[in-house]
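One structure is given here, and the rest of the page talks about it.
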Amino acid sequence: MADTIKARDAADVEQAICAALGDGRTLELTGRGTKRGIGRAAQWDATLDLSGLSGVTLYEPEELVLSAKAGTPLAEIEALVAASKQQLAFEPMDYGPVLGVAPGGGTIGGAIAANLSGPRRIKAGAARDHFLGVNAVSGRGETFKSGGRVVKNVTGYDLCKLLAGSWGTLAAMTDITIKTLPRAETEATVLVFALDDGAACKAMAAAMGSYGDVSAAAHLQPAVGARIAATANAVGAVTAFRLEGVAPSVAQRKSVLEALLAPFSALGTLDEAASRSFWRAVRDVTPFAAFRPFGEPDLWRISTAPARGADIGRKLTEQAGAEILYDWAGGLVWAALPPSADANAALVRTTVAEAGGHATLIRAPAPVRAAVEVFTPEPPPLAALTRRVREGFDPNGVLNPGRMWAGV
Amino acid sequence: MPVAMPLPDDAVLVRRAEIVAALRGIVPGEGVIASEEAMRPYESDGLTAYRQLPMVVVLPETTAQVAGVLGYCHREGIKVVPRGAGTSLSGGALPLGDGVLLGMAKFNRIREIDFDNRVAVVEPGVTNLAVSQAVEQAGFYYAPDPSSQIACTIGGNVAENSGGVHCLKYGVTTNNVLGCELVLMTGEVLRLGGKHLDAGGYDLLGIVTGSEGLLGVVTEVTVRILKKPQTARAALIGFPSSEDAGDCVARIIGAGIIPGGMEMMDGPAIKAAEDFVHAGYPLDVEALLIVELDGPAAEVDHLLERVQEIARGCCAATCRISNSEEERLLFWAGRKAAFPAVGRISPDYYCMDGTIPRAKLPLVLKRMQELSRQYGLRVANVFHAGDGNLHPLILYDANRPGELERAEEFGADILRLCVEVGGVLTGEHGVGVEKRDLMPAMFTPADLDQQQRLKCAFDDKSLLNPGKVFPTLHRCAELGRMHVHAGKVAFPDLPRF
Ligand SMILES: Cc1cc2nc3c(=O)[nH]c(=O)nc-3n(C[C@H](O)[C@H](O)[C@H](O)COP(=O)(O)OP(=O)(O)OC[C@H]3O[C@@H](n4cnc5c(N)ncnc54)[C@H](O)[C@@H]3O)c2cc1C
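Protein sequence lines, in the order shown, are assigned to chains A and B.
Anchor point for the first sequence: position 78 equals 78 in our numbering, and the numbering is continuous, going up by one each time.
Anchor point for the second sequence: position 346 equals 1346 in our numbering, and the numbering is continuous, going up by one each time.
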């Protein structure tokens, strides 16, 4: 069994990486390990556990800024900012349910490294958009920083953007500064029933182009919606639109939206409490949680142009028996496919290539994730650039090698 | 100009005629400009204190031409400086005497407007405002709105990661761009992103945005367009001191309100603006806030009530609420004309662009007054108050010997002060030539090396816009070297499990 090195502070992280470099060993970087199941199934010589780097070091609500050590539990940060009526507006999803891991376990470092977001992505952005500053140790064993603690900053390259979503393949982040934002005072959700996927995507496009100022739009096929408590009794598919803000604004926009959507189909509403629990379930994709009677379906996460979402969903449904949950007004397609030896990778990749976008195999047994590409393969000039970028940070391939692509 | 640019390479300059001929082979017709007179308009950008004629100007019209020019220059070891509209305030588009100035102005078409996906696909030479104008009939707009928006290009906006007065609520360029086509210095053409959200691999689009033309030439951009807010109203609030105004800003945000725009001006800026546009600004106050709320009428009215209440609790001396679109625009007119207004009261002015943690505003303004006395130069301040982005305007007269240098030193001291209080050297104008040599005030050599290694991944010979952003240019081979001595490092004190 591989060694685990538990870093206590940033100096330990630097030492551990230098030691690995010296010994020619590779390191797996983990926070609390909740997303370990995502990525290519590769092997590392040792694990560098960053969960000991924990604690919020700065929080100034009126400056909209929070700094924490990278291993700080996300739940701790979310509770802290909630006490000041703020939130992480990027609404980081919790992969726990779909990966069969206890929910609420992730760290802020993991949230950034995976560039998490949630249904509010369409309005407020992803982790990348709220990531202001970082201290990190590169695969060269060198400590560096980028960004700062102010929300507006163009001083030097924005390395934060690059580290967000790099899955620990460039540097071990030790300290993270993010933007916090006020939490909406209230919310409500407008529901439209029984639309097929194509009509639902049209309804979502209409809503996104309206004065409704919708902060989330999702479409759940009948069997999918039935697995969420708030919509369990809906007849047929559920298309949902979230409105957030101060009460008078939510009320006004609700009538705008209802007038707009009435021609589509029958309407319903979720009040504040039901709306919160519904969107949490959509955020965490709980209808595809890892507890299913007949073997886990393979789960793909597909990002595409919103108007193309239904095309992808339709094809995967017809040709591979997929179940689909559409978020981001159709731009995020969660496709659960009956298990197969190659997770239907060829079908998924060609379908997504036609529509534009990218697909990540989030859940499949390790042998499948070792056999097929988990992240979208890049065309040659881009793949070469990716490799050069990686080599600039980690020329010896010490940090999570092979997690995103073989050799990267 | 105190900032030294890379020395021109004589080996390149002696080949000028041959190079110009080769470039004419790639970009035919009037796309290659080699006469001194015709190159004059390109000798500087918005940072006019710096001037340099390029070796030659090339105005390509197609991606293939851009790729051809870059590939040729890469093979021949010739430097290239990309340019949009040339409004950069940091000298980002300053030419090099031995380099090609690659003007992107002919890339001026809007290729696609896609309302279903709420994006526009545009060429990089399209102006920022033209994007909003192209979609406004359907009630949409492109959110980042730099004050230079009638002139500056989307390509320049991407390169500088530009912001505007509405970016506290709607984000800067990087939050509003989904994809681009990028030509590397080798001539390779890449597509980053598209109409979808987030990168499938590394977020290279996020790195290219704000890279100041050092990583690649952008030949197409996909931007998000948003539905215009239904209504907007502004409050114009005067305060007896900047402390009170700063306190009011903090309390507005503390109350959970993120206004569409929140701008502050200090005494000298208020006076200059009022004398110029007669917007009805109060002249007996030390600080003026414009707070704009946008959204559905019910929301705007509701939040304006709260803002007024907060302002009253912060010793506001005056408070007016716009009751018509004309009045709202009048409130803004003074702020938007602040730069030219200051231009009227001084022969020259120098615009700075630091960001500070907002709570440090009173301290920074006080120290700035001290510096102003020390340097014997006046300063007026406009301030994107919501996000702490400060624009001190230093007034000077370039015709008086030594004043420009004094203004630059004053400016550098202000930026060092911003860093000292926890802020940064530039909030939206970029490092360029102007702040290049101040980078070590904010970054360690290791920080800068890591940034330069990224540069090397895109441009191994450092031919694209060299002399900008980085105070010292290291050779890529040197930066790439690893300093590890196998077996020598052992760390017995690390806990292992
Ligand atoms: C009066 C005034 C007001 C301003 N107000 C604001 C403001 O409110 N907010 C703000 O952020 N900025 C502001 N600016 C600064 C400036 O307008 C912005 O930085 C703008 O984005 C520059 O665009 P441009 O097309 O003029 O680019 P240029 O000045 O031509 O070039 C800027 C940089 O971009 C690079 N570049 C240009 N095109 C490309 C391309 N296609 N591919 C790769 N690199 C490219 C150049 O090499 C250079 O480094 C202001 C400037 C002025 C003069």
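The beta-carbon is built from N, C-alpha and C at its ideal position, and this holds for glycine as well.
Nothing here was measured: the structure is a model prediction, and the numbers come from that model.
Residues near residue i by beta carbon distance below 8 Å, same chain, minus five either side
{"i": "A1490/B", "result": "Per-residue confidence for A1490/B stands at a pLDDT of 45, beneath the threshold of 50, marking its modelled position as unreliable; no derived number is given."}
Top-ranked residue by Cα proximity to residue i, from the options
{"i": "G1267/B", "options": "R1015/B, F1383/B and R1075/B", "result": "F1383/B"}
{"i": "E1112/B", "options": "A1134/B, G1099/B, G1103/B and L1129/B", "result": "A1134/B"}
{"i": "P1296/B", "options": "T269/A, G357/A and G245/A", "result": "G245/A"}
{"i": "L1007/B", "options": "A1311/B, Y1042/B and G1099/B", "result": "G1099/B"}
{"i": "D197/A", "options": "P380/A, V352/A and A329/A", "result": "A329/A"}
{"i": "M1352/B", "options": "L1047/B, L1293/B, L1226/B and Q1149/B", "result": "L1047/B"}
{"i": "L66/A", "options": "Q87/A, A216/A and A126/A", "result": "Q87/A"}
{"i": "A346/A", "options": "L332/A, L361/A, G309/A and W334/A", "result": "L361/A"}
{"i": "V13/A", "options": "K35/A, Q43/A, P61/A and K69/A", "result": "K69/A"}
Minimum Cβ-Cβ distance from residue i to chain B less than 8 Å
{"i": "P119/A", "result": "no"}
{"i": "V154/A", "result": "yes"}
{"i": "F264/A", "result": "no"}
{"i": "G321/A", "result": "no"}
{"i": "N344/A", "result": "no"}
{"i": "D158/A", "result": "yes"}
{"i": "M93/A", "result": "no"}
{"i": "L385/A", "result": "yes"}
{"i": "F90/A", "result": "no"}
{"i": "K315/A", "result": "no"}
{"i": "Q410/A", "result": "This structure cannot settle anything about residue 410/A, because the visible part of chain A is limited to 1 through 408."}
Beta-bridge pairing of residue i - partner residues as DSSP gives them
{"i": "R1233/B", "result": "L1293/B"}
{"i": "Y326/A", "result": "H219/A and V333/A"}
{"i": "G1261/B", "result": "E1292/B"}
{"i": "D298/A", "result": "L337/A"}
{"i": "F131/A", "result": "I178/A"}
{"i": "C1167/B", "result": "The partner list for C1167/B (beta bridge, DSSP) is empty, contrary to what the question assumes."}
{"i": "N1381/B", "result": "P1392/B"}
{"i": "R1224/B", "result": "V1119/B"}
{"i": "S138/A", "result": "A171/A"}
Residues near residue i by beta carbon distance below 6 Å, same chain, minus five either side
{"i": "A1398/B", "result": "D1348 and L1404"}
{"i": "P92/A", "result": "A111 and L116"}
{"i": "G100/A", "result": "A290"}
{"i": "A336/A", "result": "F288, P297, L299 and E323"}
{"i": "D947/B", "result": "No information on residue 947/B is available, as it lies outside the stretch 1001 to 1497 that chain B covers here."}
{"i": "M404/A", "result": "W167, T169 and F375"}
beta-carbon residue i near ligand 3 non-hydrogen atom, thresh 7 Å
{"i": "L1395/B", "result": "As presented, the structure is devoid of ligand 3, carrying ligand 1 as its sole ligands."}
Beta carbon proximity, residue i to chain A, threshold 8 Å
{"i": "N1108/B", "result": "no"}
{"i": "T1318/B", "result": "no"}
{"i": "F1410/B", "result": "no"}
{"i": "R1233/B", "result": "no"}
{"i": "D1045/B", "result": "no"}
{"i": "I1150/B", "result": "no"}
{"i": "A1457/B", "result": "yes"}
{"i": "L1453/B", "result": "Looking at the sequence itself, residue 1453/B is Arg, so the reference to Leu does not match. With 8 Å as the cut-off, R1453/B counts as an interface residue toward chain A."}
{"i": "G1200/B", "result": "yes"}
{"i": "H1278/B", "result": "no"}
{"i": "M1482/B", "result": "yes"}
{"i": "A1486/B", "result": "Per-residue confidence for A1486/B stands at a pLDDT of 45, beneath the threshold of 50, marking its modelled position as unreliable; the derived number appears in the next sentence. Closer than 8 Å to some Cβ of chain A, the Cβ of A1486/B qualifies, so yes."}
{"i": "F1443/B", "result": "yes"}
{"i": "H1196/B", "result": "yes"}
{"i": "L1371/B", "result": "no"}
Neighbourhood of residue i by C-beta distance below 7 Å, restricted to the same chain and skipping five residues each side
{"i": "T72/A", "result": "S54, G55, V56, T107 and I108"}
{"i": "L1473/B", "result": "S1462 and P1466"}
- prompt: For the region 148–160 of chain A against the region 372–389 of chain A, are there 3 or more C-beta pairs whose distance is under 8 Å?
  reply: At 8 Å Cβ cutoff, the stretches do not touch.
task: Count the CB pairs spanning the region 316–334 of chain A and the region 1186–1194 of chain B that are closer than 8 Å, and state whether there are at least three.
output: These segments do not touch.
message: Assess contact between the region 1144–1156 of chain B and the region 1081–1090 of chain B, defined as three or more Cβ pairs (one per stretch) separated by less than 8 Å. Is contact present?
response: Because the criterion of three Cβ pairs below 8 Å is met, the region 1144–1156 of chain B and the region 1081–1090 of chain B touch.
- request: Specify whether the region 386–400 of chain A and the region 17–25 of chain A touch according to this definition: at least 3 beta carbon pairs, one from each stretch, less than 8 Å apart.
  value: These segments touch.
message: Between the region 1233–1241 of chain B and the region 1117–1133 of chain B, can you find at least three pairs of beta-carbon atoms closer than 8 Å?
response: Result no; under three Cβ-Cβ pairs closer than 8 Å.
The region 1221–1232 of chain B in contact with the region 1164–1183 of chain B per 3-pair CB rule at 8 Å: In this structure the region 1221–1232 of chain B touches the region 1164–1183 of chain B; the number of beta carbon pairs closer than 8 Å is three or more.
query: Does the region 1370–1384 of chain B come close enough to the region 72–92 of chain A that 3 or more CB-CB pairs lie under 8 Å?
result: Touching, no.
task: Pair every Cβ in the region 1261–1275 of chain B with every Cβ in the region 1207–1218 of chain B, then say whether three or more of these pairs are closer than 8 Å.
output: Judged by Cβ distances under 8 Å, the region 1261–1275 of chain B makes no contact with the region 1207–1218 of chain B, as fewer than three pairs qualify.
- prompt: Taking one C-beta from the region 196–211 of chain A and one from the region 254–274 of chain A each time, how about it: are there three or more such pairs within less than 8 Å?
  reply: The answer is yes - the region 254–274 of chain A touches the region 196–211 of chain A, with three or more Cβ pairs under 8 Å.
query: Quick one: any contact between the region 350–357 of chain A and the region 300–313 of chain A, if contact means 3 or more CB pairs under 8 Å?
result: Touching, per the Cβ criterion.
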